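K.L.:
Chains as they are written, first to last, in our numbering: chain X, 826 to 1120; chain Z, 826 to 1120. We treat Cβ as the ideally placed atom computed from N, Cα and C, and that holds for glycine. These numbers were taken from a predicted model, which means no experiment stands behind them.
Number of protein chains: 2
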Amino acid sequence: MPTTLPIVKGHGTGNDFVLFADPEGRIELDDEQYAALADRHFGVGADGVIRVVRSANIPEGAAILDEDPAAEWFMDYRNADGSRAEMCGNGIRVFAKYLERSGLAEIPAGGTIAVGTRSGVRDIQRSATGYQVDLGRWKLEDEGLVRTRGGEVARPSIGINVGNPHRVVALASRNELHELDLTEAPHLDPVPPEGANVEFVVPADPMIKDGVGRITMRVHERGVGETLSCGTGVAAAALAIRYWAGPDAPNHWQVKVPGGMLGVRMFATQDGEHVSLSGPAELVFSGTITVAGDE
Amino acid sequence: MPTTLPIVKGHGTGNDFVLFADPEGRIELDDEQYAALADRHFGVGADGVIRVVRSANIPEGAAILDEDPAAEWFMDYRNADGSRAEMCGNGIRVFAKYLERSGLAEIPAGGTIAVGTRSGVRDIQRSATGYQVDLGRWKLEDEGLVRTRGGEVARPSIGINVGNPHRVVALASRNELHELDLTEAPHLDPVPPEGANVEFVVPADPMIKDGVGRITMRVHERGVGETLSCGTGVAAAALAIRYWAGPDAPNHWQVKVPGGMLGVRMFATQDGEHVSLSGPAELVFSGTITVAGDE
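1) Counting only Cβ pairs nearer than 7 Å, list the residues of chain Z close to Ile983 (chain X).
2) Could you list which residues in chain A have their beta carbon closer than 9 Å to that of Asp1014 (chain X), in chain order?
3) Return the residue from the list Z:Glu1107, Z:Leu1002, Z:Pro933, Z:Asn989 that minimises the CA-CA distance to Arg951 (chain Z).
4) How far does the alpha helix (DSSP H) with Arg865 (chain Z) in it reach, from first residue to last?
5) Evaluate Trp1069 (chain Z) with the Cβ neighbour count: other Cβ atoms within 10 Å of its Cβ, from every protein chain shown; 16 or more gives buried, anything less gives exposed.
6) For Met912 (chain X), is the classification buried or exposed, using 16 other Cβ atoms within 10 angstroms of its Cβ as the cut-off for buried?
7) Thinking Val971 (chain X) and Leu1002 (chain X) are a contact (beta carbons under 8 Å), I'd like their distance in whole angstroms, please.
8) With C-beta atoms as the reference, is Arg1090 (chain Z) less than 7 Å away from His1077 (chain Z)?
9) Please report the distance separating the alpha-carbon of Gly870 (chain Z) from that of Thr838 (chain Z).
10) Contact check, Val993 (chain Z) vs Val1026 (chain Z) under 8 Å by CB: the rounded distance?
11) Excluding the 5 residues flanking Thr828 (chain Z) on each side, which residues of the same chain have their C-beta closer than 6 Å to its C-beta?
12) If Asn915 (chain Z) sits next to Ser1054 (chain Z), beta carbons under 8 Å apart, how far is it from one beta carbon to the other, in whole angstroms?
13) Taking Cβ to Cβ, would you say Gly886 (chain X) is nearer than 7 Å to Gly941 (chain X)?
14) Under 7 Å, Cβ to Cβ, is there at least one residue of chain Z near Ile1114 (chain X)?
15) Grab the span of the beta strand (DSSP E) containing Trp1078 (chain X) for me, first residue to last.
16) Going by beta carbon distance, what residues of the same chain come within less than 7 Å of Glu925 (chain Z), once the five residues before and after it are set aside?
17) State the Cα-Cα distance for the pair Gly1020 (chain X) and Arg1043 (chain X), rounded to the nearest angstrom.
18) Using 10 angstroms around the beta-carbon of Ser1101 (chain X), count the other beta-carbons present and answer buried if the total reaches 16, otherwise exposed.
19) Using a Cβ-Cβ cut-off of 7 Å, state whether Thr838 (chain Z) counts as contacting chain X.
20) Could you list which residues in chain Z have their beta carbon closer than 9 Å to that of Gly835 (chain X), in chain order?
21) Would you mind giving the Cβ-Cβ distance between Glu1051 (chain Z) and Leu1007 (chain Z), rounded to the nearest angstrom? I have them listed as a contact below 8 Å.
22) Rounded to whole angstroms, what's the CA-CA distance from Asp959 (chain Z) to His836 (chain Z)? Just pull it up for me.
23) Under 7 Å between C-beta atoms, does Thr973 (chain Z) make it to chain X?
24) Could you give the residue range of the beta strand (DSSP E) that holds Glu1046 (chain Z)?
25) Taking 7 Å as the cut-off, decide whether the C-beta atoms of Gly1058 (chain Z) and Asn1000 (chain Z) are in contact.
26) Which chain X residues sit within Cβ distance under 8 Å of Leu1053 (chain Z)?
27) Within a Cβ cutoff of 7 Å, which residues of the same chain sit near Glu1046 (chain X), ignoring the five residues on either side of it in sequence?
28) Who are the near neighbours of Val878 (chain Z) in its chain, counting only those whose CB is closer than 7 Å to its CB and skipping five residues on each side?
29) Any Cβ of chain X within less than 7 Å of the Cβ of Phe845 (chain Z)?
30) Straight-line CA distance for Val919 (chain X) to Gly868 (chain Z)?
31) How would you call Ser998 (chain Z), buried or exposed, if buried means at least 16 neighbouring beta carbons within 10 angstroms?
32) Closest to Met874 (chain X) by CA distance: which of X:Gly1088, X:Ala1074, X:Ile832 is it?
33) Taking Cβ-Cβ distances below 9 Å as the criterion, which residues of the stretch 868-880 of chain X are in contact with chain Z?
34) Ignoring anything shorter than 4 residues, give me the alpha helix (DSSP H) runs that lie fully in the stretch 836-920 of chain X, in order along the chain.
35) Answer yes or no: do Ala921 (chain Z) and Ile889 (chain Z) have a C-beta to C-beta separation smaller than 7 Å?
36) Is the CB of Ser1111 (chain X) under 7 Å away from at least one CB in chain Z?
This is how it looks when you write it as structure tokens:
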């Protein structure tokens, strides 16, 4: 059945999303309809689509409310092909801004709001640049080699898992970063079982200034291609560079991506070290679209 | 000054546009604001932006009204970088649909509507698949060679000018077409003074069915990259294949592009042979955006 939806388009450092509110969980779109919304030429166009739904009104929400009864709202995230995704580090900041702007929720001054996602509850707070989200625990994985299209050498990389798998490669200069050909997926050796996003990182000069680490990166997302920004990739890049930099490296990083600047912090919690991501969230325009359906 | 605009997003075979009405010619956006609207991640996203303005209310319109006093409406077309463009074969069909849908104009049954563009007046009529536009006269230009990225051979091409310059290359098989690497601009020899769009074309089997020529093409647009569709490129491709096919070739062609199907007709007029383009025009969604400005 065709469905007419009020939508809002937003982005976080150029990683962009179509959002719509469905508090009662009554709007059922199939994968094809989600993909039609995300199509950049035939639809609204975005990296992903976010349905804003009360946790109580989505099947995945029961486990969320068990984990944290305060997680009233759930981020039902879809990739551009319509498939479900667990989390999106840039998307959840835009989600928070949408909640606040539309009056559905408010983040108390100095406090946090709990948001349900398919990878569990995430705590979000306001930050100087927009919003900060606690991405939870992370994990060091295997080393490997990465060769980009047309590249003459395979470069060493380290695996970092931030809920999803990443391979991070350090480069010596901005020029080297600029000249990388990311029009094809980099070849990974060994091949990770579920693939990986690949981050290429260059330290700023000096890398550490006023106690803050500074790096620039480009990213190739599995199944997507090069993107302007990848939230978990930014966290993985900072974690990898801190690992290589040794025990005196800072726990606060600024990461420049093609779409803007993001902040990463590592901090101790009762269940181990967490990593957080902070940065801007923008709502760009609102509109109405009728999504065709074949029922 | 920030400007709040009601916009409509539309496309013709995937070639997509942001449209807004400014009948009185009062909305002045600078190139940067047009580019911001067209940005796919930070704005609405489109191949181009179309301002719908009365010819009497735009400086370029005086010459238009001299040429044809019936050309009440002018298609003020901007490229995605904000620069002015003369004409767009897919855009003008979407322009016509916008005029009709918004009640600004009506195309009489069996008749045409005259629309002003920076390359003169264009006549549009309804067609079985949407709208048909007379692109005017065309011109055969020089032969040359075209080599695509990673290509082992330079292929022969012919130059066709349909208001803008094209180079058309014939390929032997769909497989060859499919495997072309168009992630970089093809290398042209000789280099045309203003560059050229390059069309790669394969005939269907049989090429001519029921008196209609049938071809499939991919296109690389200068300054843009590979696109889903290029209206003038479709016309150029059909003209080139007809030229190669010899005197018995038909004057009606169907051209399949990645974004859909378009029709091309060649027909005699008092001022020489004209070529027309026909195909669908879709309006996808409407909305409101506030465009930032620095005045």
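P.N.:
Checking against the coordinates, here is how it stands:
1) For Ile983 (chain X), no chain Z residue has a Cβ inside 7 Å of its Cβ, as the nearest lies near 29 Å away.
2) You won't find chain A in this structure, because its protein chains are X and Z.
3) It is Z:Pro933 whose Cα lies nearest to the Cα of Arg951 (chain Z).
4) Counting along the chain, Arg865 (chain Z) falls outside any alpha helix (DSSP H), and DSSP gives it neither H nor E.
5) Flag for Trp1069 (chain Z) reads exposed.
6) Burial call: buried.
7) The pair is not a contact, with the Cβ atoms about 13 Å apart (cut-off 8 Å).
8) For Arg1090 (chain Z) and His1077 (chain Z), yes; Cβs fall inside 7 Å.
9) When the Cα atoms are used, Gly870 (chain Z) and Thr838 (chain Z) turn out to be separated by approximately 16 Å.
10) Right, their Cβ atoms sit about 6 Å apart.
11) Once the five neighbours on either side are set aside, the close Cβ partners of Thr828 (chain Z) are Val1116.
12) So it is a contact: roughly 6 Å between Cβ atoms.
13) Yes, Cβ-Cβ distance for Gly886 (chain X) and Gly941 (chain X) is below 7 Å.
14) Using beta-carbon distances, Ile1114 (chain X) counts as an interface residue toward chain Z, with a partner under 7 Å.
15) It spans 1077-1082 - the beta strand (DSSP E) in which Trp1078 (chain X) sits, taken as one unbroken run.
16) Hits under 7 Å: Glu931, Ile932.
17) About 17 Å.
18) Buried, by the Cβ-count rule.
19) Judged by the 7 Å Cβ criterion, Thr838 (chain Z) is not in contact with chain X.
20) Correct list: empty, because the minimum Cβ distance to chain Z is about 10 Å.
21) Leu1007 (chain Z) and Glu1051 (chain Z) do touch by the CB rule: their CB atoms are close to 4 Å apart, below 8 Å.
22) Using only the alpha carbons, I get a separation of about 19 Å.
23) Not a single C-beta of chain X is nearer than 7 Å to the C-beta of Thr973 (chain Z).
24) Glu1046 (chain Z): member of the beta strand (DSSP E) spanning 1037-1046, first to last residue.
25) No.
26) Neighbours of Leu1053 (chain Z) on chain X, chain order: His866.
27) The answer, listed in chain order, is Asn1022, Thr1052, Cys1055.
28) Taking C-beta separations shorter than 7 Å and ignoring five residues to either side along the sequence, the partners of Val878 (chain Z) in its chain run Asp847, Pro848, Gly850, Phe899, Asp901, following chain order.
29) Taking Cβ atoms only, chain X never reaches closer than 7 Å to Phe845 (chain Z), which makes this a no.
30) Within the model, the alpha-carbon separation for Val919 (chain X) versus Gly868 (chain Z) is close to 15 Å.
31) Exposed is the label assigned to Ser998 (chain Z), since fewer than 16 other Cβ atoms lie within 10 Å of its Cβ.
32) At residue 874 (chain X) the sequence reads Val, which differs from the Met that was named. For Val874 (chain X), the nearest C-alpha among the options comes from X:Ile832.
33) Taking 9 Å as the Cβ-Cβ cut-off against chain Z, the residues of the stretch 868-880 of chain X that qualify are Gly868, Val869, Gly870, Ala871, Asp872.
34) If only uninterrupted alpha helix (DSSP H) runs of at least 4 residues are considered, those enclosed by the stretch 836-920 of chain X are 856-863, 886-892.
35) Against a cut-off of 7 Å, the Cβ pair of Ile889 (chain Z) and Ala921 (chain Z) comes out as no contact.
36) Yes, its Cβ sits closer than 7 Å to a Cβ of chain Z.
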